[in-house]
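Undergrad:
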Amino acid sequence: MQYVMLTGGAGYIGSHTALALLRAGYQVISFDNYSNSSTAALQRVEQLAGTDLIRISGDIRDEAALSAVFRQYQVSAVVHFAGLKAVGESVAMPLSYYDNNVAGTVTLCRVMREFNVKKLVFSSSATVYGDAKTVPIAETAPRSATNPYGQSKLMIEHILQDLVNAEPDWGITLLRYFNPVGADSSGQIGEDPNGIPNNLMPFISQVAVGKRDKLSIFGNDYPTPDGTGVRDYIHVVDLAAGHLKALQYLETNQGIEAINLGTGTGYSVLDMVKAFSRVNNVEVPYQIAPRRPGDIASCYAMPDKARKLLGWQAEKTLDDMVRDSWRWQSQNPDGYTNS
Ligand code: NAD
Ligand code: UFG
Numbered sequence: 246m247q248y249v250m251l252t253g254g255a256g257y258i259g260s261h262t263a264l265a266l267l268r269a270g271y272q273v274i275s276f277d278n279y280s281n282s283s284t285a286a287l288q289r290v291e292q293l294a295g296t297d298l299i300r301i302s303g304d305i306r307d308e309a310a311l312s313a314v315f316r317q318y319q320v321s322a323v324v325h326f327a328g329l330k331a332v333g334e335s336v337a338m339p340l341s342y343y344d345n346n347v348a349g350t351v352t353l354c355r356v357m358r359e360f361n362v363k364k365l366v367f368s369s370s371a372t373v374y375g376d377a378k379t380v381p382i383a384e385t386a387p388r389s390a391t392n393p394y395g396q397s398k399l400m401i402e403h404i405l406q407d408l409v410n411a412e413p414d415w416g417i418t419l420l421r422y423f424n425p426v427g428a429d430s431s432g433q434i435g436e437d438p439n440g441i442p443n444n445l446m447p448f449i450s451q452v453a454v455g456k457r458d459k460l461s462i463f464g465n466d467y468p469t470p471d472g473t474g475v476r477d478y479i480h481v482v483d484l485a486a487g488h489l490k491a492l493q494y495l496e497t498n499q500g501i502e503a504i505n506l507g508t509g510t511g512y513s514v515l516d517m518v519k520a521f522s523r524v525n526n527v528e529v530p531y532q533i534a535p536r537r538p539g540d541i542a543s544c545y546a547m548p549d550k551a552r553k554l555l556g557w558q559a560e561k562t563l564d565d566m567v568r569d570s571w572r573w574q575s576q577n578p579d580g581y582t583n584s
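Residue 400 in this note's numbering sits at position 155 of the sequence shown; the count goes up by one each step and never skips.
#1: From this set, Gln574, Leu293 and Ser275, which residue's C-alpha is nearest Lys456's C-alpha?
#2: The beta strand (DSSP E) that contains Glu502, what's its start and end?
#3: Under 8 Å, with one C-beta from each stretch per pair, do the stretch 476–489 and the stretch 555–565 reach the 3-pair mark?
#4: So, helix, strand or coil for Met446, using DSSP?
#5: Are the stretch 393–403 and the stretch 445–455 touching, with three or more C-beta to C-beta distances below 8 Å?
#6: Using the Cα positions of Thr352 and Val366, report the straight-line distance between them to the nearest angstrom.
#7: Quick check on DSSP: helix, strand or coil for Asp277?
#8: Label Met517 either buried or exposed according to how many other C-beta atoms from any shown protein chain fall within 10 Å of its C-beta, with 16 as the threshold for buried.
#9: Just the C-alpha distance for Ser461 and Gln532, rounded to the nearest angstrom, thanks.
#10: For Asn289, is the classification buried or exposed, using 16 other Cβ atoms within 10 angstroms of its Cβ as the cut-off for buried?
#11: Contact between the stretch 407–425 and the stretch 263–283 is defined here as three or more beta-carbon pairs at a separation below 8 Å; is this criterion met?
#12: Counting pairs of Cβ atoms below 8 Å between the stretch 378–389 and the stretch 536–546, do you hit three or more?
#13: Nearest by alpha-carbon distance to Val452: which of Leu492, Pro530 and Phe360 is it?
#14: Going by DSSP, what residue range makes up the beta strand (DSSP E) through Lys197?
#15: Can you tell which of Asn526, Val324, Ala534 and Tyr279 has the C-alpha that lies nearest to the C-alpha of Gly474?
#16: Can you name, in chain order, every residue of its own chain whose Cβ lies under 7 Å from the Cβ of Ala377, other than the five neighbours on each side?
#17: Tell me the rounded alpha-carbon separation between Thr296 and Val249.
#18: Please determine whether the Cβ atom of Arg552 lies at a distance below 8 Å from any heavy atom of the ligand ZN.
#19: Return yes when the C-beta of Ile505 is under 8 Å from any heavy atom of the ligand NAD, and no when it is not.
#20: Could you tell me the distance, in whole angstroms, from the CA atom of Asn345 to the CA atom of Ser522?
#21: Determine the DSSP secondary structure at Phe463, reduced to helix, strand or coil.
#22: Distance, Cα to Cα, Gln493 vs Lys550?
#23: How should Glu436 be labelled, buried or exposed, when 16 other C-beta atoms within 10 angstroms of its C-beta is the threshold for buried?
#24: Which of helix, strand or coil does DSSP assign to Lys364?
#25: Val362 and Ala322 - do their beta-carbons sit closer together than 9 Å?
#26: The ligand NAD and Tyr279: does any heavy atom of the ligand fall closer than 8 Å to the residue's C-beta?
#27: Give the single residue among Ala542, Arg536, Gly375 and Ile274 whose Cα lies nearest to the Cα of Leu298.
#28: Under the assumption that Ile434 contacts Ser260 (Cβ atoms under 8 Å), give the Cβ distance between them as a whole number of angstroms.
#29: Given a cut-off of 9 Å on the beta-carbon distance, is the pair Gly349 and Ile417 in contact?
#30: Roughly how many angstroms separate the alpha carbons of Tyr512 and Gln406, rounded to a whole number?
#31: To which residues of the same chain is Asp458 closer than 8 Å at the C-beta, ignoring the five residues directly before and after it?
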C-alpha cells in the first residue's frame with residue numbers, strides 16, 4: 246500500500262488537505278509535533294471521511310523519527326506543511342523559525358532521498374513576493390523577504406531549487422498560498438489560532454462570537470479603493486483541492502515549479518467585514534487603527550499558471566468563505582480545546 250505523508254497534517258491547511266485526500270481514496274500519514282495543533286483535528290477528519298489515517302507524533306527535525314516512518318510505510322509523496330508561521334513571532338524568535346522551517350525541511354529532504362521518495366509539495370507563501378511592485382502577482386515576479394518567516398520560505402525555495410538542479414529526478418511544487426480562510430462546510434474542522442489571532446478572518450470571527458470587543462482595522466489610508474488593505478482570500482477547501490492536483494501533476498512530472506494558489510481577486514478589509522456581517526447576520530464592531538508595520542497595500546495572485554499546469558482554479562465565493570468561517574467559529578467558540 247502506498248501512502249502520502251503530510252508533515253503538519255494536524256494543522257489548519259493540513260487537516261483540510263488530509264480530508265480531501267482521504268475522500269479521494271488516498272492512504273494518508275500525518276506527521277506532526279502538535280506544536281500548533283492537536284489530535285482532535287485528526288479525529289474529526291477521520292469522522293468526516295469515514296476512514297482512518299495514520300497519526301504519528303514527531304518532529305521534522307528528528308531524522309530518526311522520520312526514517313522510522315519511511316522504513317515502516319511505503320511513502321510515494323510528501324506534502325510538507327510543517328513549520329512555524331507567525332510573522333511577528335519570527336522577528337522575536339528567528340532561530341526557532343530557521344530551525345523548524347529551514348533545518349526541518351533539509352532534514353526531511355535528506356530522509357526522503359535516503360528512501361528514494363522524491364515527490365514533494367511544499368507550502369510556500371505569497372510572502373516571498375515581499376512588497377510586489379505590481380498586482381496581480383505572477384510567479385515570475387521578483388522575490389524578497391522582510392522578516393525571518395518570509396526569509397525562511399524564500400530560503401527553502403532556493404534550497405529546493407538547488408536540490409532539483411543537482412538531482413533532476415525530484416518532482417517538487419512550491420505552492421505559494423495567498424490568504425487562506427474558511428473551513429470545511431461541516432463546521433467540524435477549522436483554524437484554531439493560539440492566543441490573539443494575527444490574521445484578519447479569525448479575528449473577525451472572534452469579535453463576532455463575542456470573544457473580543459472589536460476589530461482594529463490597520464490603516465484606511467492605503468492607495469486602495471476604500472483605503473484598507475487588499476488581499477487575495479482563498480477558501481481552504483479550494484486550497485486543499487490544489488494539493489491533490491499538485492500530487493497528480495507530480496505523478497508524471499519531474500523538476501520544480503512555483504505555483505500561485507489564489508483566486509485572482511482582491512478584497513479589502515472593509516469588504517471582508519461587510520460580507521461577514523451580511524452573510525452571517527452578525528455585528529462586527531470595528532475601529533480604524535494605525536497601519537501595522539510591515540503590511541503592504543495590495544496583494545493578489547495571477548492564478549493562470551495553476552489553471553494551465555494543474556487544471557486547478559478556486560471555485561468558492563467570498564460568501565462561502567465568510568459563511569464557513571463563521572460556522573466553524575460559532576460551533577467551536579474555543580476551537581478544539583474542549584473536544
Ligand atoms: P498550522 O500552524 O495550523 O499548521 C502547521 C502544522 O505543523 C501544525 O500542526 C504544527 O503543529 C506542525 N509543526 C510545526 N513545526 C513542526 C515540526 N518541527 N515538526 C512537525 N510538525 C510541526 O499552519 P497552517 O496555516 O496550516 O500552515 C501550513 C503551512 O502553510 C505552513 O508551512 C505555513 O507557513 C504555510 N502558509 C500558511 C499560510 C496561512 O496564512 N495559513 C499562508 C501561506 C503559507
Ligand atoms: N488586518 C486588520 N486587522 C487585523 C488583522 C489584519 O486590519 O486584526 C488587515 C491587515 O492589515 C491586512 C489584512 O487584514 O491588510 C490581512 O491581514 P492578515 O494578517 O490576515 O494577512 P497578511 O496578508 O498580512 O499575511 C498573511 C499571512 C502571512 C503570509 C501572507 C502572505 O499571515 O503569513 O499572508 O501569504 F506571509
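By construction, the Cβ of each residue, glycine as well, lies at the ideal position given by its N, Cα and C atoms.
TA: Looking at the coordinates:
#1: Within the sequence shown, numbered from 1, the residue matching residue 456 stands at position 211. With distances taken between Cα atoms, Lys456 lies closest to Gln574.
#2: In the sequence shown, residue 502 corresponds to position 257, counting from 1. Here the beta strand (DSSP E) through Glu502 covers Gly500 to Leu506.
#3: yes
#4: Here residue 446 is taken as the residue at index 201 of the sequence shown, counted from 1. In this structure, Met446 counts as helix in the three-state DSSP scheme.
#5: no
#6: Position 107 of the sequence shown, counting from 1, holds the residue named residue 352. Position 121 of the sequence shown, counting from 1, holds the residue named residue 366. Going by the C-alpha atoms only, they are around 15 Å apart.
#7: In the sequence shown, the residue the question calls residue 277 occupies position 32. Three-state result, Asp277: strand.
#8: As a first step, residue 517 must be located in the sequence shown, where it is residue number 272. Result: buried.
#9: To locate residue 461, count along the sequence shown from 1; it is residue 216. To locate residue 532, count along the sequence shown from 1; it is residue 287. Whole-angstrom Cα-Cα distance: 5 Å.
#10: Your numbering for residue 289 matches position 44 in the sequence shown. A small correction: the amino acid at residue 289 is Arg; Asn does not occupy that position in the sequence shown. It is buried - the Cβ of Arg289 has at least 16 other Cβ atoms within 10 Å.
#11: no
#12: yes
#13: Counting from 1 along the sequence shown, the entry for residue 452 is found at position 207. Nearest C-alpha to Val452: Pro530.
#14: Absent from the model: residue 197. The displayed extent of the chain is 246 to 584, so no value can be given.
#15: Taking the first residue of the sequence shown as 1, we reach residue 474 at position 229. Of the listed residues, the one whose Cα sits closest to Gly474 is Ala534.
#16: Position 132 of the sequence shown holds residue 377. Cβ within range, chain order: Ala386 and Cys544.
#17: Mapped onto the sequence shown, residue 296 falls at position 51. Mapped onto the sequence shown, residue 249 falls at position 4. The alpha-carbon atoms of Thr296 and Val249 are separated by roughly 15 Å.
#18: Although the ligand ZN was asked about, the structure shown includes only the ligand NAD and the ligand UFG as ligands.
#19: For the purposes of this step, residue 505 is taken as the residue at position 260 of the sequence shown. Per the sequence shown, the amino acid found at residue 505 is Asn instead of Ile. Answer for Asn505: no, Cβ out of range of the ligand NAD.
#20: Here residue 345 is taken as the residue at index 100 of the sequence shown, counted from 1. Here residue 522 is taken as the residue at index 277 of the sequence shown, counted from 1. Going from the Cα of Asn345 to the Cα of Ser522 covers about 38 Å.
#21: Sequence index remark: in the sequence shown, residue 463 carries index 218 (1-based). It is a strand residue.
#22: Sequence index remark: in the sequence shown, residue 493 carries index 248 (1-based). Sequence index remark: in the sequence shown, residue 550 carries index 305 (1-based). Their Cα atoms are separated by approximately 16 Å.
#23: For the purposes of this step, residue 436 is identified with residue 191 of the sequence shown, where counting begins at 1. So Glu436 ends up on the buried side.
#24: Here residue 364 is taken as the residue at index 119 of the sequence shown, counted from 1. Three-state DSSP puts Lys364 in a strand.
#25: Position 77 of the sequence shown, counting from 1, holds the residue named residue 322. Position 117 of the sequence shown, counting from 1, holds the residue named residue 362. Yes, the Cβ-Cβ distance between Ala322 and Val362 is below 9 Å.
#26: Here residue 279 refers to the residue found at position 34 when the sequence shown is read from its first residue. Answer for Tyr279: yes, Cβ within range of the ligand NAD.
#27: Numbered from its first residue, the sequence shown carries residue 298 at position 53. The candidate whose alpha carbon is nearest that of Leu298 is Ile274.
#28: Start at 1 with the first residue of the sequence shown, and residue 434 comes out as number 189. Start at 1 with the first residue of the sequence shown, and residue 260 comes out as number 15. 5 Å between Cβ atoms; contact.
#29: The sequence position of residue 349 within the sequence shown is 104, counting from 1. The sequence position of residue 417 within the sequence shown is 172, counting from 1. Contact: no.
#30: On the sequence shown, position 267 is the one that residue 512 refers to. On the sequence shown, position 161 is the one that residue 406 refers to. So the alpha carbons of these two residues sit roughly 32 Å apart.
#31: Counting from 1 along the sequence shown, the entry for residue 458 is found at position 213. If we look at Asp458 and ignore the five residues flanking it on each side, its Cβ neighbours are Val452 and Pro530.
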